[in-house]
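One structure is given below, encoded as structure tokens.
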Amino acid sequence: MNDTTQKIESHRKLRLGMVGGGVTAFIGGVHRIASRIDDRFTLVAGALDNDAERGKAFAVAIGIDPDRAYDDFESMIAAEAKREDKVDVISIVTPNFLHFPVAKAALEAGFHVICEKPMTTSLEDAKTLAEVVKRTGKQLFLTHTYTGYPMVRQAREMVASGEIGELRRVQVEYAQDWLAAPDEDPEAATANWRNDPKKAGQGGAIGDIGTHAYNLAAFVAGEEPKEILAELTALVPGRKVDDDAAVLMRYANGAKGTLWASQVVAGNGNNLSLRIYGATGGLEWWQENPEELWYTPLGEPRRLLRRNGVGATPSATAGSRIPVAHPEGYLEAFANLYKDAANALETGGKAELVPGADDGVAGLAFVTACLKSSAEGGVWIAL
Ligand code: NAD
2 MNDTTQKIES
12 HRKLRLGMVG
22 GGVTAFIGGV
32 HRIASRIDDR
42 FTLVAGALDN
52 DAERGKAFAV
62 AIGIDPDRAY
72 DDFESMIAAE
82 AKREDKVDVI
92 SIVTPNFLHF
102 PVAKAALEAG
112 FHVICEKPMT
122 TSLEDAKTLA
132 EVVKRTGKQL
142 FLTHTYTGYP
152 MVRQAREMVA
162 SGEIGELRRV
172 QVEYAQDWLA
182 APDEDPEAAT
192 ANWRNDPKKA
202 GQGGAIGDIG
212 THAYNLAAFV
222 AGEEPKEILA
232 ELTALVPGRK
242 VDDDAAVLMR
252 YANGAKGTLW
262 ASQVVAGNGN
272 NLSLRIYGAT
282 GGLEWWQENP
292 EELWYTPLGE
302 PRRLLRRNGV
312 GATPSATAGS
322 RIPVAHPEGY
332 LEAFANLYKD
342 AANALETGGK
352 AELVPGADDG
362 VAGLAFVTAC
372 LKSSAEGGVW
382 IAL
């Protein structure tokens, strides 16, 4: 296991700032861990909370210099822009409605951005942000987590190299149950902003997890559908946004797809799966068992491909840290996004496997089309 031929690379550690991700938050902590796994970032500044005092206290507790623990994102961006040792990149891990103002301000002040999904709460804002990225020449990395999994990257490579033949069917499902309780239930308290269209956007489950499913399918298929038909429903009585979404998809070559996203189905934790079939084979991947990719060349037995195992493709190997059968998972997938972002920032190149602003626009175009299709009683909408 000691590979003495391994090249030793040295890198300047990138200085990271963070907006959101306070003591009560979910994904901020994941970003902090992911940023450190490959020793490429150091967290030096933060405006971590909507409660400024709690945010500053937490920032200091996790090692941020008190001078760089800020009340809010505006003061962080203004103060950092004046420093010689300013942050290189700002991670945005707030509720959705803040992604746009924070990302726009950060990019315009000269910072690169790592942004949570959905990129914005409206298609109009997404398009504006993509223009800001172009105008400023700064990079925006969109953390669609699932593109970071080695076996998802392998599936993408296998589809691109023709191992399933011409695309026939895409079946993507993202099922959870953590929003199954009524909004007024104390159990649902941490999810409150997700059920508020002003904070989450008009799309509920379709924006929160439907965009992940859509991005995953497009990432692996190598293409987006040309039109969709959607039925969005709030199955929990009184909920102001959808919590269940069923979407039919048509691809340019006549291939068909189905996307189902639901946050109210008992027994489902983070049950994301992708099954993709072509004329000569099929691939199947389950997020809760992410080390495995099932491959069936038509007419042959179903084969189990394992992360960093026999038959691993270059992108899957590059995204692995430890040998086959020593489980990696969510945190390492997230770390692949951070590592690829660091490489792109260091070289000034693109992170080919990390979604960017254009994917953010595609996600919002998808959500917008689903809302329109559903509101009109289920009509086909061109993307
Ligand atoms: P959360 O409610 O757990 O945390 C949000 C954090 O943002 C809190 O600490 C809150 O204090 C802070 N915040 C709110 N307003 C702020 C402000 N004005 N300034 C600074 N901080 C502020 O939410 P979460 O589940 O961590 O989700 C955050 C984002 O991450 C959302 O956009 C969500 O869609 C996304 N997300 C992505 C994934 C993924 O797999 N990539 C998973 C979960 C959440």
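For the sequence shown, my numbering begins at 2 and goes up steadily by one.
Backbone N, C-alpha and C define an ideal beta-carbon position, used for all residues, glycine too.
Option in the options with minimal Cα separation from residue i
i, options, result
"V173", "I63, A79, G255 and E285", "E285"
"D50", "F220, L141, Y215 and A70", "A70"
"L273", "W261, A319 and P302", "W261"
"A414", "N344, S263 and G208", "Within the shown structure, residues of the chain are numbered from 2 to 384, placing residue 414 beyond reach of any answer."
"R55", "D73, M77, K14 and P198", "D73"
"D239", "P183, G300, I93 and A366", "Looking at the sequence provided, one finds Gly at residue 239 rather than Asp. For the residues P183, G300, I93 and A366, the minimum Cα distance to G239 belongs to P183."
"Q264", "G204, V114, I9 and A110", "G204"
"R251", "F27, A106 and L384", "L384"
"F59", "G22, D360 and I229", "G22"
"L354", "A156, Q177, L99 and D40", "A156"
"K340", "A131, V20 and R33", "R33"
"F42", "T25, A53, S92 and A48", "S92"
Cβ-based neighbour list, residue i, same chain, cut-off 7 Å, excluding 5 preceding and 5 following
i, result
"E81", "G18, A46, K87 and V88"
"R308", "P151, M152, E292, A317, S321, V325 and E329"
"P298", "T281 and G282"
"E347", "H12"
Whole-Å CB distance - residue i paired with residue j, under 8 Å assumed
i, j, result
"N196", "K241", "6 Å"
"V221", "V160", "6 Å"
"G312", "L306", "5 Å"
"L171", "A218", "Before going further, note that residue 171 is Val rather than Leu in the sequence given. That belief holds up - the Cβ atoms of V171 and A218 are roughly 5 Å apart, short of 8 Å."
"K200", "P96", "5 Å"
"N337", "G30", "Going by Cβ atoms, the distance from N337 to G30 rounds to 17 Å, so no, they are not a contact pair."
"L372", "T121", "With 8 Å as the limit, L372 and T121 do not qualify as a contact, their Cβ atoms being about 14 Å apart."
Alpha carbon of residue i to alpha carbon of residue j, nearest angstrom
i, j, result
"L233", "E293", "31 Å"
"A37", "A342", "With the sequence shown as reference, residue 37 is identified as Arg, and Ala is not the correct amino acid for it. Whole-angstrom Cα-Cα distance: 13 Å."
"A256", "R276", "13 Å"
"A345", "E225", "25 Å"
"A104", "A280", "42 Å"
"V368", "S375", "11 Å"
"K83", "T212", "36 Å"
"G283", "L168", "9 Å"
"A267", "E289", "16 Å"
"V362", "L143", "11 Å"
"V90", "I210", "25 Å"
"F101", "K14", "27 Å"
"M2", "V380", "A caution first: M2 carries a pLDDT of 47, below 50, which makes its placement in the model too unreliable to give a value."
"F335", "G166", "30 Å"
"C116", "G270", "24 Å"
Close beta carbons around residue i, own chain, < 6 Å, minus the five adjacent residues each side
i, result
"K57", "A70"
"S316", "R154 and E158"
"R304", "Y296"
Nonlocal neighbours in the same chain, by C-beta distance under 8 Å from residue i, ignoring five residues either side
i, result
"D243", "G204, G205, A206, I207, L233, T234, A235 and S375"
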